[in-house]
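What the first sequence shows, in full-length UniProt numbering, is residues 1 to 198, in sequence order.
Every residue, glycine too, gets a C-beta built ideally from N, C-alpha and C.
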Amino acid sequence: MVEVKQQEWTETFPEMEKMMNYKNQEKKKRLTSEQMESLESSFQEEIKLDPQRKMKLSKELGLQPRQIAVWFQNRRARWKTKQLEHLYDSLKHQFNVVSKEKQQLQDEVMKLKAMLKEQGCSSSRMQCYYSEMSGEETETVESTSEAALLCSNMEIKGKNHNQFNIAEGNCFNLEGYNFNNSVPLLPYWPNVPHNYQP
DNA sequence: AGTCTAACCTATTCAAGGG
DNA sequence: CCCTTGAATAGGTTAGACT
């Protein structure tokens with residue numbers, strides 16, 4: 001059924017037959033390691049491909065300009081996937097750090113409460129006493145930790161994702177939280193134009 | 001404002017190569 | 001033979017030039 005249709009097509013449109021033969025002959029070919037290296041170093045210089053560079057690479061590497069464009073397109077897609085993976089790892093690590101800290105603080109609160117109980121002083125009385133002393137509203141440890149986590153999320157959402165601030169290792173502005181010990185970054189980062197919108 | 005075009009993106013296909 | 005990788009394609013979006 002398919003063969004019959006194909007025959008009809010090629011008889012009606014000889015150009016189509018040419019194209020089909022061309023397609024059969026021209027199988028997908030892998031780029032040589034030299035071509036790959038050259039394209040890769042060019043990509044590291046600049047993630048975007050301007051027409052002059054495309055033509056230059058095309059001549060240098062003996063590839064069609066279209067092939068150069070396609071390679072850069074696919075390379076950007078791969079790069080973006082890697083970025084997302086690293087961003088995910090980074091956020092996961094930060095979440096673990098904050099969770100651990102929250103647990104430690106909660107443990108500390110439990111210990112302190114137990115101590116107060118031993119001394120025969122109720123926690124509500126102690127909270128009232130603390131409020132009078134500091135003149136501020138009292139907060140539970142849960143609320144402060146959750147607020148910190150919320151703030152960190154807001155910080156992330158507030159950033160322009162295209163700037164990749166988190167992935168580039170910038171610290172959060174959260175007071176009292178040190179996120180310097182996040183996951184290691186990629187060994188290298190290509191130049192991304194300021195106006196680059198993935 | 002509407003149209004055209006080039007360049008780009010994402011998703012997908014498919015050939016090549018490795019285990 | 002199956003799975004992964006990467007070159008290529010399809011179809012949609014966007015920005016800029018032009019009328």
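Per DSSP, what kind of secondary structure is Leu-49 in: helix, strand or coil? In this structure, Leu-49 counts as coil in the three-state DSSP scheme.
What span of residues does the alpha helix (DSSP H) with Thr-81 cover, start to end? First-last of the alpha helix (DSSP H) with Thr-81: 65-118.
Anyone know if the C-beta pair for Gln-52 and Ser-58 falls short of 8 Å? Not closer than 8 Å, so no.
Coarse secondary structure for Lys-54, derived from DSSP in three states: DSSP places Lys-54 in helix when its eight states are reduced to three.
Just verifying my parser: in three-state terms, what is the DSSP assignment at Lys-59? Lys-59: helix per DSSP, three-state reduction.
Around the Cβ of Glu-146, are there at least 16 other Cβ atoms within 10 angstroms (buried) or fewer (exposed)? The predicted model places Glu-146 with a pLDDT of 37, which falls under 50 and marks its position as unreliable; any figure quoted below should be read in that light. The residue in question, Glu-146, is exposed, as its Cβ has fewer than 16 Cβ neighbours within 10 Å.
If I measure Cβ to Cβ from Gln-104 and keep anything under 8 Å in the same chain, skipping five residues before and after, which residues do I get? The answer is none, since no qualifying residue turns up.
Considering only residues of the same chain and omitting the five flanking positions on each side of Lys-54, which have a CB-CB separation below 7 Å? The residues Pro-65, Ile-68 and Ala-69, in chain order, have a CB closer than 7 Å to that of Lys-54 in the same chain once the five nearest residues on each side in sequence are set aside.
In whole angstroms, what separates the C-alpha of Leu-112 from that of Leu-91? Pairing Leu-112 with Leu-91, the inter-Cα distance amounts to about 31 Å.
Through-space distance from His-93 to Phe-43, alpha-carbon basis: Going from the Cα of Phe-43 to the Cα of His-93 covers about 29 Å.
Quick one: what's got a C-beta closer than 8 Å to Glu-60's C-beta in the same chain, skipping five residues either side? Only Ser-38 meet the Cβ criterion.
Report the rounded CA-to-CA distance for Arg-76 versus Ser-41, giving the unit in angstroms. Looking at the backbone, the Cα of Arg-76 and that of Ser-41 are separated by about 13 Å.
Quick check on Phe-95: buried or exposed, where buried means 16 or more other Cβ atoms within 10 Å of its Cβ? The residue in question, Phe-95, is exposed, as its Cβ has fewer than 16 Cβ neighbours within 10 Å.
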